[in-house]
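The sequence shown begins at 137 in the numbering used here and counts up by one. Notes for the one structure printed next.
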Amino acid sequence: MWALAFIKDLDYRIVSFYCLPKQMPHSDRLKRYFSSTATVSTWWTENKWHPVLREHFAEQAKYLRSLATWRGKSILDVGTGFGRFASVLTDAGASVCGLDLSQEMLQRAKENGSTRLIAGDAENLPVASKSFDAAICLETLMHVPCPLAAVRELARVVRPGGLVVIGINNTFSLPFLVQNLQIHTACYRWIRNRKRMSHTNTIWEARRWIRDAGFQLVDELGIGLLHPEVRISLWPGKIVNPLPHSWSSWCLTVEKGRRLERTKFRYFMKAILFAARTPI
Ligand SMILES: C[S@@+](CC[C@H](N)C(=O)[O-])C[C@H]1O[C@@H](n2cnc3c(N)ncnc32)[C@H](O)[C@@H]1O
Numbered sequence: 137m138w139a140l141a142f143i144k145d146l147d148y149r150i151v152s153f154y155c156l157p158k159q160m161p162h163s164d165r166l167k168r169y170f171s172s173t174a175t176v177s178t179w180w181t182e183n184k185w186h187p188v189l190r191e192h193f194a195e196q197a198k199y200l201r202s203l204a205t206w207r208g209k210s211i212l213d214v215g216t217g218f219g220r221f222a223s224v225l226t227d228a229g230a231s232v233c234g235l236d237l238s239q240e241m242l243q244r245a246k247e248n249g250s251t252r253l254i255a256g257d258a259e260n261l262p263v264a265s266k267s268f269d270a271a272i273c274l275e276t277l278m279h280v281p282c283p284l285a286a287v288r289e290l291a292r293v294v295r296p297g298g299l300v301v302i303g304i305n306n307t308f309s310l311p312f313l314v315q316n317l318q319i320h321t322a323c324y325r326w327i328r329n330r331k332r333m334s335h336t337n338t339i340w341e342a343r344r345w346i347r348d349a350g351f352q353l354v355d356e357l358g359i360g361l362l363h364p365e366v367r368i369s370l371w372p373g374k375i376v377n378p379l380p381h382s383w384s385s386w387c388l389t390v391e392k393g394r395r396l397e398r399t400k401f402r403y404f405m406k407a408i409l410f411a412a413r414t415p416i
């Protein structure tokens, strides 16, 4: 099983890091990356080969459900991907419109039951101002070249008093500290950095985007203190995770049992979710 998961994972890595033309503009590379068959079919799918990602998603979904009464609300899901957060909100009674850069992702979202879908860029939403009650942008800002522009767009399209939920990959979490440490070595740059498709951010950066976009921060929550996805690049095409996936449930159980998500420990968690409101 582990070997199969590894091969599937390798497949998307090869496409993402080695097969895209070097000279392509970053926005085109992003689009190509998120449209490639390997990315669409293998990446972060909620299947049994990816227990870590599945549980990480389940935690985020639980948080999302707990934040508001979604029934009857119109919501924009920016970077909808396969529409997994869209279906969480639809199940809670909301009317969700999914937006994504990639037509292939939108097709997958449609197959998964999303009915309202639009193609577009998070930094320049093709949506009228104040047209949604709420917006979410989860597991996406780390791919957007200018997250502040995207957060400003969320502020524009949500009605006064509306809720916005965004997520970041935290620079100071274990997996990303390891990754960033490698990135800042010449060897790692040689291996894969020239084609990176995502970045990490700090809690302070995200708070600044929220403030600069005119939001009021309502809540901040961390997920994944002991997140076991620590990937180490050895040579091109060879990336290992030294920690077994079976740690995932145990780690999350410990963290949840001790209710660490809103304590200072959140500064070291893998994902930070922010809930904010536009002023009335
Ligand atoms: C990691 S996936 C997350 C998808 C979904 N939010 C989820 O968690 O299942 C990131 C998604 O964001 C989309 N994306 C990346 N950059 C984008 C941008 N600038 N504008 C809109 N969508 C973007 C990708 O096509 C991809 O579907």
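The beta-carbon is built from N, C-alpha and C at its ideal position, and this holds for glycine as well.
_Residues that DSSP places opposite R252 in a beta bridge_ = C233
*Best match in T276, R295, M241 for proximity to L409 [C-alpha to C-alpha]*: T276
*Could you give the residue range of the alpha helix (DSSP H) that holds L242?*
239 to 247
*Hey, quick one: how far does the alpha helix (DSSP H) through D348 stretch, first residue to last?*
339 to 348
*asked:* Suppose you measure from the CA of V390 to the CA of A412; what does that come to, to the nearest Å?
replied: 28 angstroms
*Note down the Cα distance separating Q196 from I359, rounded to an integer number of angstroms.*
8 angstroms
*asked:* Once DSSP output is grouped into helix, strand and coil, what is the label at N305?
replied: strand
*With a cut-off of 8 angstroms, do at least 3 Cβ pairs link the region 301 to 317 to the region 224 to 242?*
no
_Residue span of the alpha helix (DSSP H) that contains D257, given as start and end_ = Per DSSP, D257 belongs to no alpha helix (DSSP H) and is neither H nor E.
*asked:* Can you look up V224 in the DSSP assignment and give me helix, strand or coil?
replied: helix
_Any 3 or more C-beta pairs closer than 8 angstroms across the region 302 to 309 and the region 248 to 257_ = no
*Taking E166 and H279 to be in contact with their CB atoms under 8 angstroms, please state how far apart those CB atoms are, rounded to whole angstroms.*
It should be pointed out that residue 166 corresponds to Leu in this sequence rather than to Glu. So it is a contact: roughly 6 angstroms between Cβ atoms.
*Beta-carbon proximity check, A245 vs G217, cutoff 8 angstroms*: yes
_Within a Cβ cutoff of 8 angstroms, which residues of the same chain sit near P296, ignoring the five residues on either side of it in sequence?_
K266, T414, P415, I416
*Does the beta-carbon distance from G298 to A258 come in below 8 angstroms?*
no
*Taking the alpha carbon of L361 as the point to measure from, which residue in Q352, R394, H335, R344 has its own alpha carbon closest?*
R394
*Where does P157 sit, in a helix, a strand or coil, going by DSSP?*
Note that P157 scores a pLDDT of 46, beneath 50, so its modelled location is shaky; the value from the coordinates is reported in the next line. In this structure, P157 counts as coil in the three-state DSSP scheme.
_Endpoints, the alpha helix (DSSP H) within which L293 is located_ = It is worth fixing the name first, because residue 293 is Val in this sequence and not Leu. Element bounds for V293: 283 to 293.
*Measure the Cβ-Cβ separation of A271 and L290 and say whether it is below 8 angstroms.*
yes
*When you compare only the Cα positions, how much space is there between A222 and I211?*
9 angstroms
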